[in-house]
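What the sequence shown shows, in this note's numbering, is residues 662 to 1048, in sequence order. Heads up, the thing below is written out as structure tokens.
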Amino acid sequence: MDYEKILCSRVRAIPPSGIRKYFDLLQGMEDGISLGIGEPDFQTPWHIRDAGIYSLEKGFTKYTPNAGLSDLRAAISRYLKRRFDLDYAPNGQVLVTVGGSEALDLAFRCLLEPGDEVIIPTPSFVCYGPLVSMLHGVPVPVETLAEDEFRLTPEQLRAAITPRTRAVVLPFPNNPTGGIMGREHLEALAEVLRGTDIMVVSDEIYAELTYGQHHVSMGNLPEMKERTIVINGFSKAYSMTGWRLGYACGPKPVIAAMTKLHQYAIMSAPTTSQYAAIEALEHGDGDIEAMREEYDGRRRFLVDGFRRLGLDCFEPRGAFYTFPCIRSTGLTSEEFCDRFLAAERVAVIPGSAFGPGGEGYVRACYAASMRDLAEALTRLERFLKTI
């Protein structure tokens, strides 16, 4: 069999994730430290796990409605209003998905025709471009800069728009940079978008993890809710990565189209996870606050450590990543990560994995224990002396 002919050329053309490479290489290394994968080191809070267990004990193991349990959609609606002043009706404007990743995929599938363009600020999470490309769409990366605190500027957005532009991704708080967009920055982008037919795909999975500034959604701004799809989930805020649960909120016609595809591809999100998520939304605010406070301390510790070792490091204002500049070492991002892993058994991710603007940086995740962070800095200091 000639699998080069059998396999879809678009799939073959997509490179493997630059994140998973280092996760896989670290496996089996004795005394290895991972600052690579964006996974909280906290356990899912017990009361949330207990709710999932209880649902199994009660035999709640059937399919749920395609859009998700009505109680969960109502809880999502109340949560978004309480935490972010976002108004979405549980029936018709909320869809429960298998992680935020499925929600992103569905959004692109419902928006794009072949040749349509999607503006993607970079550096950013690795999935946006490949998802667009798989639909015969055209990813349009726009490089954000450290001097702009890795924000998308209205000038950059305006310059990237063409007659084929169908959507813009807003990946804020940002993975990998930790950059955020304040209300005034979003308003400047909104001025560019008003009067167009361009949709906003707002990936807000890190909305609860901001430091010193409350998260604002594009959906909060006048006249922008009608053109915004809010993507969120439970993995980061509640340390529920393995539960694989997310959601999308937006205009009824868009959510209806996404739900239709979801019906065929997925049927419904995991039932046990949905019951656990109701508990998280209704009684998990304290868990969020505790984890965010811990992340904040780790954030400041790691940034200070990089700077002390002579690596310039932008101060992240959201998510749980630092993005230190390693140009002073004379190594490329990939060379730095490969050599650091081989020499000191510490995994960080090349900035180049996150698109244009990432070369010369590495991503280090501080969703790890303070003990591991301190040891990683000790090993980094030793490694830098060998370069």
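Beta carbons are placed, not taken as given, at the ideal position from N, Cα and C, and that holds for glycine. None of these values were measured; they are calculated from a predicted model.
*Can you give me the Cβ contacts of residue 919 inside the same chain, cut-off strictly under 7 Å, excluding the 5 residues immediately before and after it?*
756, 767, 768, 771, 909
*Close Cβ partners of residue 823 (< 7 Å) along its chain, the five nearest in sequence each way excluded*: Excluding positions up to five away in sequence, the list reads 778.
*asked:* Nearest by alpha-carbon distance to residue 691: which of 1006, 1042, 1010 is it?
replied: 1006
_If the criterion is Cβ atoms closer than 7 Å, does the pair residue 837 and residue 968 meet it?_
no
*Give the DSSP-derived three-state secondary structure of residue 905 in the structure shown.*
Residue 905 falls in the coil class under three-state DSSP.
*Determine the contact status of residue 804 and residue 783, defining contact as a CB-CB distance below 7 Å.*
yes
*State the Cα-Cα distance for the pair residue 708 and residue 667, rounded to the nearest angstrom.*
Straight-line Cα distance between these residues: approximately 48 Å.
*Rounded to a whole number of angstroms, what is the C-alpha to C-alpha distance between residue 704 and residue 962?*
22 Å
*Would you report the Cα separation of residue 934 and residue 862, rounded to the nearest angstrom?*
24 Å
*asked:* Let's test the definition: count the other Cβ atoms within 10 Å of the Cβ of residue 958 and tell me whether it reaches 16, buried, or not, exposed.
replied: Under the 10 Å beta carbon count, residue 958 is surrounded by fewer than 16 other beta carbons and is classified as exposed.
_Option nearest residue 921 by Cα separation, candidates 716, 1036, 753, 737_ = 753
*Got a sec, what are the start and stop residues for the alpha helix (DSSP H) residue 680 sits in?*
Neither: residue 680 is in no alpha helix (DSSP H) and is coded neither H nor E.
*Minimum C-alpha distance to residue 843 - residue among 954, 852, 828, 877*: 877
*Just checking my contact of residue 971 with residue 785 at CB under 8 Å: how many whole Å lie between their CB atoms?*
At roughly 27 Å, the Cβ-Cβ gap does not stay under 8 Å, so residue 971 and residue 785 are not in contact.
_I'd like the list of long-range same chain contacts for residue 773, defined as Cβ closer than 8 Å, with 5 residues on each side in sequence excluded._
779, 793, 796, 797, 798, 827, 828
_7 Å CB neighbourhood of residue 871 in its chain, flanking five on each side removed_ = Its chain contains 834, 841, 978, 979 as the residues whose beta carbon lies nearer than 7 Å to that of residue 871, once the 5 sequence neighbours on both sides are disregarded; these appear in chain order.
*Pick helix, strand or coil for residue 777, following the three-state DSSP scheme.*
coil
*Report the residue from 924, 930, 938, 743 whose alpha carbon sits nearest the alpha carbon of residue 706.*
938
*Rounded C-beta distance between residue 942 and residue 736? I'm assuming under 8 Å.*
Cβ-Cβ separation between residue 942 and residue 736: approximately 4 Å, consistent with a contact (criterion under 8 Å).
*Count the other C-beta atoms from every protein chain shown that fall within 10 angstroms of the C-beta of residue 973, then say buried if there are 16 or more, exposed otherwise.*
exposed
_Assuming contact is defined by CB atoms lying nearer than 7 Å, are residue 725 and residue 929 in contact in what I supplied?_
yes
*Report buried or exposed for residue 759, applying the criterion of at least 16 other Cβ atoms within 10 angstroms of its Cβ.*
buried
_For residue 793, report the span of its alpha helix (DSSP H) as first-last._
789-795
*Work out the CA separation of residue 719 and residue 1000 for me, nearest whole Å.*
52 Å
*Exposure of residue 985, with buried meaning 16 or more beta-carbon neighbours within 10 Å*: buried
_Among 685, 855, 702, nearest to residue 619 - alpha-carbon criterion_ = Given that the chain is displayed from residue 662 to residue 1048, the structure contains no residue 619 and the question cannot be resolved.
*With residue 892 and residue 761 assumed to form a contact (beta carbons below 8 Å), what rounded beta-carbon distance in angstroms separates them?*
5 Å
*Could you tell me if residue 1009 is buried or exposed, where buried requires 16 or more neighbouring beta carbons within 10 angstroms of its beta carbon?*
buried
_For a test of the three-state rule: what should DSSP assign to residue 758, helix, strand or coil?_
strand
*Where does residue 731 sit, in a helix, a strand or coil, going by DSSP?*
helix
*According to the neighbour-count rule (16 or more other Cβ atoms, all chains shown, within 10 Å of its Cβ), is residue 1018 buried or exposed?*
buried
_Using the three-state DSSP reduction, which class does residue 920 fall into: helix, strand or coil?_
In the three-state scheme derived from DSSP, where H, G and I count as helix and E and B as strand, residue 920 is classed as helix.
*Drop a sphere of 10 angstroms on the beta-carbon of residue 923, count the other beta-carbons inside from all chains shown, and report buried for 16 or more, exposed for fewer.*
buried
*Measure from the alpha carbon of residue 850 to the alpha carbon of each residue in 864, 879, 673, then state which is nearest.*
It is 879.
_Can you find the residues in the same chain that come closer than 7 Å, C-beta to C-beta, to residue 1040, ignoring five residues on each side of it along the sequence?_
1005, 1007
*Where residue 869 and residue 897 are concerned, what is the direct C-alpha to C-alpha distance, given to the nearest angstrom?*
8 Å
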